[in-house]
Amino acid sequence: MNLVDKKPNLLNIFFLESKTETTRLLRTPGFSIPTLLFPIMFYTFFGIVFSMNPATMPTYLMITYAVFGVIGPALFSFGVGIAIERGQGWFDLKEVSPMPASAYIVSRITLTFFFSAAIIILLFLIGAIFGEVRLFRWQWVSLAAIFVFGSLPFCAIGMTLGLYLKASSAPATVNLIYLPMGFLSGLWLPINFLPEVMQQFANLLPPYHLAQLALKITDMDLGFPVFLHLSVLAAYTLIFVFLAVKAYHKKDKK
Amino acid sequence: MRGKLIFIVPIILVAFFIMLPEPNDRPMTQNGATPNSSSTKSTSVENSSVNLVNGNFIIREVRFYDGVNKLERADVRITDFKVSNVAESLPQQTKLPETERVPEIDGKGKTLIPGLIDSHTHAYMDALSEAINFGVMTELDMFTMPEFANIHQVKREQLDNTNSADLFSATILATAPGGHGTQFGSDIPVLENSSQVDAFVLQRIEQGADYIKAVYNSKKAKRKNFPSIDHDTLKALVIAAHQHGKLLVVHIDNLVSAREAIELGADGIIHSFMDTLVDDSFVKLMLEKKAFMIPTLTVQASMTQQIDNKDLLARDHNVAHLTKLQTQQLKTNFPNFGIPPEAFANAMNSVKLLVNAGVTVLAGSDAPNSGISHGISLHAELELLAKAGLSNQQILHSATGAVGQHFSIGNRGRLIEDSRATMILLDGNPFENISDTQKISRIWKNGKEFERVLKPESVANTVFSPGLINDFNQKIHKTLMGAGLGESTDQFAGGKSVVELALIKDSRTPSDQYLKVIGEVKQGFMFPWSGFSYLLGKDPQSGVDLSNISAIRFKAKGGSKTTQLSVLIFQSGSMHPLQEDLILTQDWQDFKVELAQFKNLDLTDVANISIVRTQKTGQFEFMIDNLIFE
Chain A
266 MNLVDKKPNL LNIFFLESKT ETTRLLRTPG FSIPTLLFPI MFYTFFGIVF
316 SMNPATMPTY LMITYAVFGV IGPALFSFGV GIAIERGQGW FDLKEVSPMP
366 ASAYIVSRIT LTFFFSAAII ILLFLIGAIF GEVRLFRWQW VSLAAIFVFG
416 SLPFCAIGMT LGLYLKASSA PATVNLIYLP MGFLSGLWLP INFLPEVMQQ
466 FANLLPPYHL AQLALKITDM DLGFPVFLHL SVLAAYTLIF VFLAVKAYHK
516 KDKK
Chain B
29 MRGKLIFIVP IILVAFFIML PEPNDRPMTQ NGATPNSSST KSTSVENSSV
79 NLVNGNFIIR EVRFYDGVNK LERADVRITD FKVSNVAESL PQQTKLPETE
129 RVPEIDGKGK TLIPGLIDSH THAYMDALSE AINFGVMTEL DMFTMPEFAN
179 IHQVKREQLD NTNSADLFSA TILATAPGGH GTQFGSDIPV LENSSQVDAF
229 VLQRIEQGAD YIKAVYNSKK AKRKNFPSID HDTLKALVIA AHQHGKLLVV
279 HIDNLVSARE AIELGADGII HSFMDTLVDD SFVKLMLEKK AFMIPTLTVQ
329 ASMTQQIDNK DLLARDHNVA HLTKLQTQQL KTNFPNFGIP PEAFANAMNS
379 VKLLVNAGVT VLAGSDAPNS GISHGISLHA ELELLAKAGL SNQQILHSAT
429 GAVGQHFSIG NRGRLIEDSR ATMILLDGNP FENISDTQKI SRIWKNGKEF
479 ERVLKPESVA NTVFSPGLIN DFNQKIHKTL MGAGLGESTD QFAGGKSVVE
529 LALIKDSRTP SDQYLKVIGE VKQGFMFPWS GFSYLLGKDP QSGVDLSNIS
579 AIRFKAKGGS KTTQLSVLIF QSGSMHPLQE DLILTQDWQD FKVELAQFKN
629 LDLTDVANIS IVRTQKTGQF EFMIDNLIFE
């Protein structure tokens, strides 16, 4: 036996952990079905069936619902996931296992990306087939990239929530943040349909900035500079990573 | 499992993104929308062939001419196919809801002018689609058949008539029996005296004339080429036209006639005069009566052998859009009428004197006369007006805003609030260089972008070698090369001429036969003809290459009264043949028509050689034998 000398392959650990986490979530229809179905259902309703302007609405809402779609898995897999595992003691068990802590985070990010990709593909398909969305290839690809990587700030937010919230209250709390934040950021209906005050308020919300960033690709944004949106998103990420680290250490001291 | 996934997932993703639809299903091109080109805030629309902009849009920072006034820099808003707002600067759209934004076009360094108006043409066949292809969006026709005019008079009111120019027409002109206008073979009503005028004008208006055109030559004029209506008839025409609320415009070619016409109350005169320079009293008269002149310098240059379309034909931005027929038209000449060269200088100088005094001059080309083609030749007229000494703004005015001050053509020629967005965007500045009107970047007709038609690509034709075409010993219709030979008359174009072909045995050598052509040339089409055509290409539209042929040879003799015969050579797609007239005798004679003598003939693309009687009406008979390419 040669257990000690053999160095563990980090990539392999990441892969295995991601695979098992993904399989676990796929087997939890309570998570996978709503996260996949909600954005698609809303988009089909507001973007295609009841579209007010068939020329631009399907494209605009495909983008905003994709943003809505990708922040869902980020908030839920991190926020609700960690809170529940903490409640079950599974989180502590993993902490004492030889698996590096990074694998835990990487696996959840992979999971988020995986669900994001699934949502994006479904939305693109519906948009292209039923909404007659026509974009240049560079636009399709850039949008997909923005959506996938745009979920990272929300992973940070989710992680913080997961570490602070109790298992029993987490699902309700995350939903209470997720749905109104999506609406107020103009993901459900174009931002300019909202009253002026709410439009001002949207400036504080990260989904609004991610949506504006994506809408720039199709020239449908409100025309604010890219670096503004990027810095707001970066600031949110940093703040919530900081809060998560703080929460993690606080938990240890208990 | 893992190894497979690493390959399969990316492949599926790449395939997915390749399958996602793109605009117009057109792959992204280097000149289309690239990530860089969309860095500007507006929806960039550089490549017009991919992205036509219609109905609602903004042209930003463009030099702007509304038909009367000029703005060095303007933003122009088009709403629902009409001009809705012109301002030095319109608000940016960034704060507008995305659903209300419209495409923007960058007009920097460009000039936006109203669609041009050609105030003197004769419109038939493809005239109006040739016109729009060069930014001429309205034609004032000065004699065509009402059947043609009526179709387009209906169309001009339709907003979706966006592929051809709008037409206004005088329909049939008022002239004397045998007068100018009757030489084209059409059987048109004529005026013998003033008592017929009321009925004539009423009939014109019933047939849809937008204004009345008369041809007049004073008894006092030195040059009398055609019979003319008399002074009283012209007077009656002015009164009758005005009674019905129509303008009366008068074709003249000398000062005496022009003066009489204006004194009688005619609204405008057509053609500048070449006999002499205008004098002060005439200038005063024109001002007093607020009369206008349509000088048509282009046709006068052509008649005096001074037309020069070389520059026009040297510019790629023109050549790319000229049809073969148009190029041929631009290369043809009038026969030399022997008019002295100074005559044209008189015409030019008279225009200058009139404009300086404040008389309105309207730009008109008189297309499609020899050397003149619809659309393109209005630009030639603008260049000639510049040569005559008009300022570029005066010239642009004469082809846009000035027309509507006299003719009831609505807002055509203007770009003001609520006028139809019929306009051209020019690369360059026609206020500095009038030939910049030819640098057409984009065209809109009634707010819809018109994609300019490119000239068809030429394909190599079959090369013919010298040899016998038909010795008429066996068959009439079958030829040894080419598609064959057949009867040909103007019935094809709506005329009434008739013809019959027959093979006749030669009395001296019974085995030898010849072709006998009997028929009658009748009035009914502008250019009547009757005879036979030898078709060269596979179908009537396609041509063959005759580069290796130096001449057409045949034997011919005339019937009892027939002394003249014409050989017509048609390029493919052309209705305007090159013509060689031959004199026949009662005896067989050898004829040789050298192809080199037709200096504008493109030998690589000849479609049809016809041997016919033309122009002279009446019965005829001629004999042909041994048709040979040499």
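In the order they appear, the protein sequences are chains A and B.
Count the first sequence with our numbering and you get residues 266 to 519, in order.
Count the second sequence with our numbering and you get residues 29 to 658, in order.
Glycine included, C-beta positions come from ideal geometry on N, C-alpha and C.
Please state if the CB of residue j and the CB of residue i are separated by a distance shorter than 9 angstroms.
| i | j | result |
| --- | --- | --- |
| His279/B | Ala242/B | yes |
| Ile322/B | Ser436/B | no |
| Asn374/B | Leu418/B | no |
| Ile471/B | Met451/B | yes |
| Ile580/B | Val621/B | yes |
| Ser578/B | Leu623/B | yes |
| Asn84/B | Thr107/B | yes |
| Ser600/B | Lys318/B | no |
| Leu168/B | Ile145/B | yes |
| Tyr562/B | Leu655/B | yes |
| Asn489/B | Asp573/B | yes |
| Val398/A | Thr324/A | yes |
| Gly456/B | Thr139/B | yes |
| Gly135/B | Val104/B | yes |
| Leu187/B | Asn384/B | no |
List the endpoints of the continuous beta strand (DSSP E) containing residue i.
| i | result |
| --- | --- |
| Gln186/B | Premise fails: Gln186/B is in no beta strand (DSSP E) and is neither H nor E. |
| Pro142/B | 138-142 |
| Ile216/B | Note, Ile216/B: premise wrong, no beta strand (DSSP E); not H, not E. |
| Val90/B | 85-93 |
| Leu99/B | 98-107 |
| Leu563/B | 557-563 |
| Arg470/B | 468-473 |
| Thr166/B | 164-169 |
| Glu128/B | It is not in any beta strand (DSSP E) - Glu128/B carries neither H nor E in the DSSP assignment. |
| Met321/B | 320-322 |
Where do the N-terminal and C-terminal ends of the alpha helix (DSSP H) with residue i fall, by residue?
| i | result |
| --- | --- |
| Trp355/A | 355-361 |
| Tyr542/B | Where Tyr542/B is concerned, there is no enclosing alpha helix (DSSP H), although the beta strand (DSSP E) it sits in stretches over 541-549. |
| Gly396/A | Run containing Gly396/A: none; DSSP gives neither H nor E here. |
| Asn374/B | 370-385 |
| Glu461/A | 461-467 |
| Glu316/B | 308-317 |
| His299/B | Taken as a continuous stretch (DSSP letters only), His299/B belongs to no alpha helix (DSSP H), as it is neither H nor E. |
| His270/B | 259-271 |
| Gly495/B | Counting along the chain, Gly495/B falls outside any alpha helix (DSSP H), though it belongs to the beta strand (DSSP E) covering 495-498. |
| Ile280/A | According to the sequence as given, residue 280/A is Phe; it is not Ile. 275-291 is the extent of the alpha helix (DSSP H) around Phe280/A. |
What whole-angstrom Cβ distance do residue i and residue j have, given they're in contact under 8 angstroms?
| i | j | result |
| --- | --- | --- |
| Phe459/B | Val406/A | In fact, because the Cβ distance is near 46 angstroms, the residues do not count as touching under 8 angstroms. |
| Phe8/B | Gly586/B | No answer is possible for residue 8/B: the residues shown for chain B start at 29 and end at 658. |
| Leu381/B | Met314/B | About 10 angstroms separates the two Cβ atoms, so there is no contact after all. |
| Ala193/B | Met165/B | 5 angstroms |
| Ala449/B | Val111/B | 5 angstroms |
| Phe509/A | Met424/A | What sits at residue 509/A in the sequence shown is Ala, not Phe. Sure, about 4 angstroms apart at Cβ, within 8 angstroms. |
| Phe389/A | Leu48/B | 6 angstroms |
Exercise for the section: With 7 angstroms as the limit, tell me which residues of the region 475-491 of chain A have their beta carbon closer than that to any beta carbon of chain B; keep them in chain order. Expected result: Within the region 475-491 of chain A, the residues whose Cβ lies closer than 7 angstroms to any Cβ of chain B are, in chain order, Asp484, Met485, Leu487, Gly488.
Practice task
Could you please tell me which residues of the region 283-309 of chain A, in chain order, have their CB closer than 9 angstroms to any CB of chain B?
Solution key: If the cut-off is 9 angstroms between Cβ atoms, the region 283-309 of chain A has Lys284 near chain B.
Practice task
Closer than 8 angstroms, Cβ to Cβ, to anything on chain A: give me those residues from the region 84-110 of chain B, in chain order.
Solution key: Taking 8 angstroms as the cut-off between beta carbons, none of the residues of the region 84-110 of chain B comes near chain A.
Problem - Start-end ranges of the beta strand (DSSP E) lying completely within the region 395-461 of chain B, minimum 3 residues - result: Listed in chain order, they are 451-455.
Practice task
Output, in sequence order along the chain, the residues in the region 447-475 of chain A whose CB is closer than 7 angstroms to any CB in chain B.
Solution key: Within the region 447-475 of chain A, the residues whose Cβ lies closer than 7 angstroms to some Cβ of chain B are Pro455, Asn457, listed in chain order.
Practice task
Name, going along the chain, the residues of the region 384-401 of chain A whose beta-carbon falls closer than 7 angstroms to a beta-carbon of chain B.
Solution key: Those would be Ile386, Phe389, Ala393, Arg399, Leu400, Phe401, in chain order.
Practice task
Would you list, in chain order, the members of the region 31-53 of chain B that have their beta-carbon closer than 7 angstroms to a beta-carbon of chain A?
Solution key: The residues in question are Phe44, Phe45, Leu48, Pro49, Glu50, Pro51.
Exercise for the section: Closer than 8 angstroms, Cβ to Cβ, to anything on chain B: give me those residues from the region 404-427 of chain A, in chain order. Expected result: Result list: Trp405, Val406, Ser407, Ala409.
Handout entry: Every unbroken beta strand (DSSP E) within the region 570-658 of chain B, with a cutoff of 3 residues, ordered by chain
Key = Taking only runs of at least 3 residues, the beta strand (DSSP E) segments lying wholly in the region 570-658 of chain B are 579-586, 592-599, 606-611, 617-622, 634-642, 646-657.
Practice task
Check each residue of the region 328-358 of chain A: if its Cβ is closer than 7 angstroms to any Cβ of chain B, include it; give the result in chain order.
Solution key: Listed by position along the chain: nothing, the set is empty.
Handout entry: Proximal residues, the region 116-129 of chain B versus chain A, C-beta separation under 7 angstroms
Key = Contacts with chain A (Cβ-Cβ distance below 7 angstroms) from the region 116-129 of chain B involve Thr122, Pro125, Glu126, Thr127, listed in chain order.
Handout entry: Complete alpha helix (DSSP H) runs within the region 202-256 of chain B (minimum length 4 residues, chain order)
Key = Within the region 202-256 of chain B, the complete alpha helix (DSSP H) runs of at least 4 residues are 225-234.
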